[in-house]
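Here is the structure we will look at.
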Amino acid sequence: MEQTVESILAWISANPHWAGLAVFAIAFLESLAIVGLAVPGWLLLVGVGSLIGAGHLNFWLISLASFSGAVLGQLVSYGVGYHFNDRIHQWSWVKNHQSLMERAELFFKKHGFAGILVGQFIGPIRAVISLVAGVLTMPIKKFITAVVLATMIWAPVYLMPGVLVGAALTFEQTQMWLLLSSIVLMGVSLWLISRYAFDAYKVKNTNQNLPQRRHVMFILMMIVFSTTVIFLVVSDYGTLMLDLMTKIWGLVS
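Taking this note's numbering, I'd label the letters of the sequence shown as residues 37 to 289.
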């Protein structure tokens, strides 16, 4: 698979005038029910993002192509589920992923509209959530609204890690890895801190308490985040980080 991904990215790099169509096809296949499980869409889009970061492709053109392909793939999946309904459970390729279908159905029944929004970002569920929405006859207007809103975020979010790496490649290797490591540390620690805050708020007016390990993890992540920020402020890497952010802003603005 790695060789296939490298070959596709090399072709896109050598044929930038076809990049939009290629990304459209990648996003379309990655968003098709079940098919998306076999397509390394995330890796390909991150790779395409690195070409954007290196200045070879236009961010907004590629984002639009990714958005369009993903929306079309989700609509086709919904249409298949809506048209064939429960009959799809007799298909061999659905039977082979029955546990995933059951998980997605439970997820959709529990969250509904929000399930379509969030499901676009949850690994394997993304590959079947639109099919499930069709089978369970979600109103088409609600489905389209949810898919469009989610994909407007999904398309640039999937490209941005690659854009970051591509832009960082202009720095010398040590600087590049320290900058990327700092960004990852801050991102992961902020995500875990926000999860802690959200969960703490949910149990605030109940008799429940968060496990002790969650409090320890919160303190640890605060230390990691603060230490990383201090490192950037007191070292020359803070200036390099600003240079990197300025470059990325120039690519996406």
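Ideal Cβ placement from N, Cα and C applies to all residues, glycine included.
Residues near residue i by beta carbon distance below 8 Å, same chain, minus five either side
i	result
Leu205	Ser86, Gly89, Ala90 and Met212
Trp129	Ile70
Met258	Ser225 and Ile229
Asp235	Leu246 and Arg250
Thr264	Ser218, Leu221, Met222 and Ser225
Asn243	none
Ile284	Gly89, Val199, Leu200 and Ala203
Which listed residue (the options) has its alpha carbon closest to that of residue i
i	options	result
Ile189	Ser102, Leu65 and Leu68	Ser102
Val183	Val154, Gly77 and Gly198	Val154
Val84	Ala191, Ser113 and His147	Ala191
Glu38	Thr282, Trp78 and Phe60	Trp78
Ile219	Gly274, Ala233, Asp235 and Trp54	Gly274
Leu302	Ala186, Leu216 and Leu185	Residue 302 falls outside the range modelled here, since the chain spans only 37 to 289, and no answer is possible.
Met253	Tyr237, Lys240, Ala233 and Thr264	Ala233
Val161	Asn132, Ala50 and Met137	Rather than Val, the amino acid found at residue 161 in this sequence is Ile. Taking only the C-alpha atoms, the option nearest Ile161 is Met137.
Phe144	Trp54, Leu100 and Thr173	Thr173
Ala63	Gln126, Ser104 and Glu208	Ser104
Anticipated Cβ contact below 8 Å, residue i with residue j, distance rounded
i	j	result
Leu195	Leu81	6 Å
Ala163	Ile70	6 Å
Leu303	Val270	As displayed, the chain neither begins before 37 nor continues past 289, which places residue 303 out of reach and without an answer.
Gly15	Ile98	Residue 15 is absent from the model: the chain starts at 37 and stops at 289.
Phe149	Lys177	With a Cβ gap of about 11 Å, Phe149 and Lys177 do not count as contacting.
Ala203	Gln156	That pair is no contact at about 25 Å.
Phe95	Val288	5 Å
6 Å Cβ shell around residue i - same chain, five flanking residues per side excluded
i	result
Ser67	Ala106, Gly109 and Gln110
Gly117	Leu167, Gly170 and Val171
Chain-order list of residues whose beta-carbon lies under 7 Å from that of residue i (same chain, five-residue window excluded)
i	result
Pro197	Val82 and Gly85
Pro52	His92 and Leu93
Practice task
Just list the alpha helix (DSSP H) runs in the stretch 38-123, keeping only unbroken ones of 4 residues or longer that don't cross its boundaries, in chain order.
Solution key: 38-50, 55-67, 77-89 and 95-120
Exercise for the section: Let me know the alpha helix (DSSP H) ranges lying completely inside the stretch 131-182, each 4 residues or longer, listed in chain order. Expected result: 134-147, 149-155 and 165-171
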